[in-house]
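Residue 48 in this note's numbering sits at position 32 of the sequence shown, and the numbers go up by one each step.
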Amino acid sequence: MPTSSVSLTAVSSTRNMAAVALTLASFLAASSAPTPLYRLYQQAWGFSSGMLTLIFAVYAFSLLVALLTMGALSDYLGRRPVILAALGLEAVSMLMFAHAQDAQALLWSRVVQGFATGMASAALGAALLDLDRERGALINTLSPMLGMAAGVFGANQLASHGHDGLHQVYWWLLLVFAASAWAIAVMPETVSRRSGAVASMRPRIRLPAHIRPAFLRMAPLDIAAWALAGFYLSLGPTLLRVITGSTLMAGLAVCINTLSAAAAIWLLRHWTAQRMLRFGGSVLPLGIVILLLGVASHSLTLMVAASIIAGAGFGVGFQGALRSVLPLAEPHERGGLLSTIYVLSYLAFSLPAIAAGLLTQSLGLVPTTYGYGLMLIVLGLLALAATRQKAVARHGA
Numbered sequence: 017m018p019t020s021s022v023s024l025t026a027v028s029s030t031r032n033m034a035a036v037a038l039t040l041a042s043f044l045a046a047s048s049a050p051t052p053l054y055r056l057y058q059q060a061w062g063f064s065s066g067m068l069t070l071i072f073a074v075y076a077f078s079l080l081v082a083l084l085t086m087g088a089l090s091d092y093l094g095r096r097p098v099i100l101a102a103l104g105l106e107a108v109s110m111l112m113f114a115h116a117q118d119a120q121a122l123l124w125s126r127v128v129q130g131f132a133t134g135m136a137s138a139a140l141g142a143a144l145l146d147l148d149r150e151r152g153a154l155i156n157t158l159s160p161m162l163g164m165a166a167g168v169f170g171a172n173q174l175a176s177h178g179h180d181g182l183h184q185v186y187w188w189l190l191l192v193f194a195a196s197a198w199a200i201a202v203m204p205e206t207v208s209r210r211s212g213a214v215a216s217m218r219p220r221i222r223l224p225a226h227i228r229p230a231f232l233r234m235a236p237l238d239i240a241a242w243a244l245a246g247f248y249l250s251l252g253p254t255l256l257r258v259i260t261g262s263t264l265m266a267g268l269a270v271c272i273n274t275l276s277a278a279a280a281i282w283l284l285r286h287w288t289a290q291r292m293l294r295f296g297g298s299v300l301p302l303g304i305v306i307l308l309l310g311v312a313s314h315s316l317t318l319m320v321a322a323s324i325i326a327g328a329g330f331g332v333g334f335q336g337a338l339r340s341v342l343p344l345a346e347p348h349e350r351g352g353l354l355s356t357i358y359v360l361s362y363l364a365f366s367l368p369a370i371a372a373g374l375l376t377q378s379l380g381l382v383p384t385t386y387g388y389g390l391m392l393i394v395l396g397l398l399a400l401a402a403t404r405q406k407a408v409a410r411h412g413a
């Protein structure tokens, strides 16, 4: 009888982990789905590159506002109500996308989607850690990578073969979110409700003092990793289309990068956090160097290789960043800490990409890419230096 009880508990825990992981992946899939459609939107609705940059910017700004105000809310109200509220908002955004007929509608859809994604990210990530601290840290990095790849690939395929390329993907995603809402609704709550929910919504960065040293060490690599993701979701498809002339390759750029990240995370999941950080700090800059060589030589082979190598550095580096700080947090600190990590990540994801989008209008796409790449190389090397500094200090002690 005790064995049966333990077995049922293990099955239930795995089922709950799967529900939360798939929900997190779905949010990231929805966030990346518009990427291969932006060119089609511009052709259909005739808006400028400046408007496209604004659409990218408002999503990031809305997401950051949600993280700063709602990031710790699940530590007080519980994970489930916050996730369900975010799913409701996300469903609204999918309906807005599905009925959008101009750039302004697209912009407001991204505002609502950004807030829903920010609200969900910290709560879902914290729920994964509540269910299993070891596997939760792994899934917190694996799910977003797989989600982003699935969103881009699915939208690209539906746009190529579907009868309504601009809208069809959002109806499918709406069904996915409805299923996710049911799965989360029947899942048991993982934290106890406590007072202070309203006060927790005051915008602030939540970083416990005992976690700050580890956070500062991993920050350069986290910034480099998510700035790379911002590049692939903003300039990447256009760059590949201009350099290689391949529309298919442009649509698959994000898939290659994020699938490589997911594969590397899984294959190297048993490494220590410090080893992952060193790998990310070494491999990500190498991938960017190869990317810049591919741009200079107009080589599709080099650009694909760069996407694979840089993607591996992105995924493993981000996994190392999370694993170096998340185990240090108490259960009631997890939502707030994750919101702080995501604030840093999404600032890195959005600000360089927005600046690059503006600079392409005056400097051109290729010179801007060289500058962006140089920034990523410097950040990766700074991250590598930070991990080596810790290793030297540990040996010296």
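Ideal Cβ positions, reconstructed from N, Cα and C, are used throughout, including at glycine.
Element boundaries [alpha helix (DSSP H), containing residue i]
i: Ile306; result: Ala289 to Ser313
i: Leu354; result: Arg350 to Leu379
i: Thr317; result: Leu316 to Val341
i: Asp146; result: Ala119 to Leu147
i: Glu106; result: Arg95 to His115
i: Arg228; result: Arg228 to Ser250
i: Ala215; result: Ala213 to Ser216
i: Arg222; result: Run containing Arg222: none; DSSP gives neither H nor E here.
i: Ala194; result: Gln184 to Ala201
i: Phe63; result: Looking at the DSSP string, Phe63 is not in any alpha helix (DSSP H), and its letter there is neither H nor E.
Sub-8 Å separation of residue i and residue j beta-carbons
i: Gly212; j: Tyr92; result: yes
i: Val108; j: Ala139; result: no
i: Leu40; j: Ser159; result: yes
i: Phe365; j: Ala269; result: no
i: Ala121; j: Met67; result: no
i: Ala132; j: Ala171; result: no
i: Leu154; j: Arg257; result: no
i: Leu15; j: Ser48; result: Residue 15 cannot be examined here, being either before or after the span of the chain that is shown, 17 to 413.
i: Ala372; j: Thr384; result: yes
i: Ala428; j: Gly296; result: With the chain running from 17 to 413 in the structure shown, residue 428 is simply not present.
Exposure label - residue i; buried when at least 16 CB within 10 Å
i: Gln59; result: exposed
i: Val320; result: buried
i: Gly331; result: buried
i: Arg339; result: buried
i: Gln129; result: buried
i: Glu106; result: buried
i: Arg95; result: buried
i: Gly380; result: exposed
i: Ala136; result: buried
i: Ala280; result: buried
i: Ala88; result: buried
i: Ile304; result: buried
i: Leu390; result: exposed
i: Ile259; result: buried
i: Val214; result: exposed
i: Pro236; result: buried
i: Leu283; result: exposed
i: Tyr186; result: buried
Reference residue i; option with closest CA among the options
i: Ala241; options: His286, Ala199 and Gly336; result: Gly336
i: Tyr388; options: Val341, Leu255 and Ala278; result: Leu255
i: Ile370; options: Ser42, Leu342 and Leu70; result: Leu70
i: Leu182; options: Phe334, Thr85, Gly104 and Ala116; result: Ala116
i: Val382; options: Pro52, Leu251, Arg31 and Leu84; result: Leu251
i: Arg294; options: Ile324, Leu395, Arg210 and Thr376; result: Leu395
Residue i beta carbon near the ligand ADP (any heavy atom closer than 7 Å)
i: Val258; result: In the structure shown, the ligand ADP is absent, as is every other ligand, since no ligand is present at all.
Does the count of Cβ pairs from the stretch 140–157 and the stretch 336–355 closer than 8 Å reach three?
Three or more beta-carbon pairs separated by less than 8 Å link the stretch 140–157 to the stretch 336–355, which places the two stretches in contact.
Tell me, please, whether the stretch 189–202 touches the stretch 271–285 by the rule of three or more beta-carbon pairs shorter than 8 Å.
Here the stretch 189–202 makes no contact with the stretch 271–285; the two share fewer than three CB pairs at distances below 8 Å.
Would the stretch 151–169 and the stretch 60–71 be scored as touching if the rule is three or more Cβ pairs under 8 Å?
With fewer than three CB-CB distances shorter than 8 Å, the stretch 151–169 does not count as touching the stretch 60–71.
Under 8 Å, with one C-beta from each stretch per pair, do the stretch 28–43 and the stretch 198–217 reach the 3-pair mark?
Result yes; three or more Cβ-Cβ pairs closer than 8 Å.
With contact counted as at least three CB pairs below 8 Å, one residue from each stretch, are the stretch 173–187 and the stretch 44–57 in contact?
With a cut-off of 8 Å on Cβ pairs, the stretch 173–187 is in contact with the stretch 44–57, counting three or more such pairs.
With three or more C-beta pairs closer than 8 Å as the rule, is the stretch 302–316 touching the stretch 359–373?
The way I'd put it, the stretch 359–373 doesn't touch the stretch 302–316; fewer than three beta-carbon pairs between them come closer than 8 Å.
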